[in-house]
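Here's the structure we're looking at; comments come further down.
Protein chains in written order, with the working numbering: chain A, 1 to 361; chain B, 1001 to 1177.
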């Protein structure tokens, strides 16, 4: 481990990726994630690695696809509409089982969107994003340290399952400065070259193909892989759930507001817990095993106005509570483009406890 | 509970740098911390502030809430954030710029001529170092010598060692204010 330093979430993404052996990065600038490009554009040439400011997001993702074919560790990053532009390329990466890692520092809203700290890209990320029939593993950090840790985890998962991994952060996590300790740096040259990697040598019949040659094998293998990832990759952190009457589901920056709100509610005698999903796909359905049997309600709390995570909480509820109905409530916020205040969350949870808020599912 | 310090003023007054150096000192003396900047697109003139929270344990929301110590570098910052200071908390007001003389009675208000003190040390652009010295004093996180050491290290890394003497004197002026 290295010395503990202060760093922004976005810079931590870049430094952690370098230390994980990132060899090829291509991206197009967009707030609130441009520090990733800025940081890598300084460091990668010094290390003899490739950093490209591409002429568009679409060019960047296609460059990433090409680089990933060689088995190197690659990265692209963007935000909001920039990630939307990459979806065609990401779907191609999924079609070819390429272990691509990307970072989405979310913007707020539709279309061009704004720079508020929002979670309006949940729905796109957890459904795969592009056309077709695939899922990316989606990791959602809530601190600068966790951002750094999830970058190295992303490469491990991407290579283990030969699958796309997205790290979904948001403006608050990208701009927040906190102490962070990085893992020891890995030399990209020391990483093993995967058997499927294209090395520029003549293709012979004994080469492992990128895509299985038998027509039906790929969908069958994909189905098995997605079920396997769903079983093996779920991650979450729970706070005070064992005696909780109500359990809040919140990820990323708002989960830290909820943490403070829970302290206030506990002092007032309210037993409220939190499950903080660290993977958004696969959704941590297993976390519900920690809940007490007579829990009174689940609350999906997120910074978007439609409640994008809400159906996943409801599905997890249905899977776990088969014999009785446990209400699922929605706390969805876009408050002046910022995450809600602690007192607002306290008030909204109290409104649910007192029966003033109707259940959503 | 974590303590909360807010540095607020115009862009260009050094509030973000002062807060960042304070965060560096907190890290080096062993606190957990968060540093959250908020600023407009302008390099100078727009509103800028940062919130630094620190303590020994886990820190929840990094956003401004209950301010224990506020450094208000201009009138708009004073007007906007005075109400967020907790009863019994402290507000350091830049008396070089802020005309207002009447403040909340349930907080301690300390007028400090941040720009004048920096200028007197031949460090016209050192109001942020005066802020840093004052915040080290009013939070009591460490002694001024340790803070000065860490500050010099920060400028050494930035290749700005030649200002270390003036900055050290300026830090002391803030600490004594």
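We put the CB at the ideal spot given by N, CA and C, even for glycine. Quantities reported herein were computed from a predicted structural model and do not represent experimental measurements.
Annotated as distal: residue 1074 of chain B and residue 1159 of chain B, with beta-carbon spacing of 7 Å or more. By the criterion of a C-beta distance shorter than 7 Å, residue 313 of chain A is surrounded in its chain by 249, 298, 300 and 328, once the five residues flanking it on both sides are discounted. At least one beta carbon of chain B lies nearer than 7 Å to the beta carbon of residue 257 of chain A. Boundaries for residue 23 of chain A: no alpha helix (DSSP H) harbours it, while the beta strand (DSSP E) harbouring it runs 22–27, taken from the DSSP string. One finds nothing in chain A with a Cβ atom closer than 7 Å to the Cβ of residue 1131 of chain B; even the nearest lies about 17 Å away.
Residue pairing by DSSP places residue 53 of chain A opposite A/27 in a beta bridge. Here residue 1083 of chain B carries a helix assignment [DSSP, helix/strand/coil]. Using a Cβ-Cβ cut-off of 8 Å, residue 176 of chain A is close to 1034, 1035, 1036 and 1062 of chain B, given in chain order. Each residue's CA atom was taken as its position, placing residue 115 of chain A and residue 1058 of chain B some 27 Å apart. At a cut-off of 4 residues, the continuous stretches assigned as alpha helix (DSSP H) that sit fully inside the segment 1052–1135 of chain B are 1075–1081 and 1114–1120. With the rule of 3 Cβ pairs closer than 8 Å, the segment 10–25 of chain A counts as touching the segment 173–190 of chain A.
Of all residues in the segment 94–107 of chain A, none has a C-beta nearer than 8 Å to a C-beta of chain B. Fully contained in the segment 250–287 of chain A are the following beta strand (DSSP E) runs of length 3 or more, in chain order: 272–277 and 279–281.
For residue 27 of chain A, the closest C-alpha among the options A/20, A/5 and A/60 is that of A/60. Counting only the Cα atoms, residue 320 of chain A lies some 14 Å from residue 311 of chain A. For residue 306 of chain A, the number of other beta carbons within 10 angstroms of its own is below 16, and it is reported as exposed. The CB of residue 1027 of chain B comes closer than 9 Å to the CB of 4, 5, 6 and 179 in chain A, given here in chain order. Using a Cβ-Cβ cut-off of 9 Å, residue 1158 of chain B is close to nothing in chain A; its nearest Cβ partner there is about 14 Å away.
Taking a Cβ-Cβ cut-off of 7 Å, residue 348 of chain A has no neighbours in chain B, whose nearest Cβ is about 15 Å from it. Per DSSP, the beta-bridge partners of residue 114 of chain A are A/108. Spanning the alpha carbons of residue 247 of chain A and residue 1143 of chain B requires a straight line of approximately 44 Å. Residue 216 of chain A is classed as exposed because its beta carbon has fewer than 16 other beta carbons within 10 Å across all chains shown. In the pairwise beta carbon analysis, the segment 342–354 of chain A is classified as touching the segment 261–275 of chain A: at least three pairs are separated by under 8 Å. For residue 339 of chain A, there is no enclosing alpha helix (DSSP H), since its DSSP letter is neither H nor E. Residue 1151 of chain B is a Cβ neighbour of residue 1021 of chain B, given a cutoff of 7 Å.
In the DSSP assignment, residue 166 of chain A falls outside any alpha helix (DSSP H) and lies within the beta strand (DSSP E) extending over 165–170.
Ranking B/1103, B/1156, B/1065 and B/1028 by CA distance to the CA of residue 256 of chain A puts B/1065 first. C-alpha of residue 284 of chain A to C-alpha of residue 238 of chain A: approximately 11 Å in a straight line. Residue 1036 of chain B counts as buried, since at least 16 other C-beta atoms from the protein chains shown sit within 10 angstroms of its C-beta.
In this structure, the beta-carbon distance from residue 290 of chain A to residue 241 of chain A falls below 7 Å. Here the alpha carbons of residue 1046 of chain B and residue 108 of chain A stand approximately 22 Å from one another. For residue 1147 of chain B, no CB of chain A lies under 7 Å from its own CB, so it is not counted at the interface with that chain.
Look at residue 139 of chain A here: in three-state DSSP terms it is strand. Leaving aside the five residues that flank residue 58 of chain A on each side, the residues in its chain whose CB is nearer than 6 Å to its CB run, in chain order, 85. Contacts between residue 1024 of chain B and chain A, judged by CB atoms closer than 7 Å, involve 6 in chain order.
Judged by DSSP in its simplified three-state form, residue 102 of chain A adopts strand.
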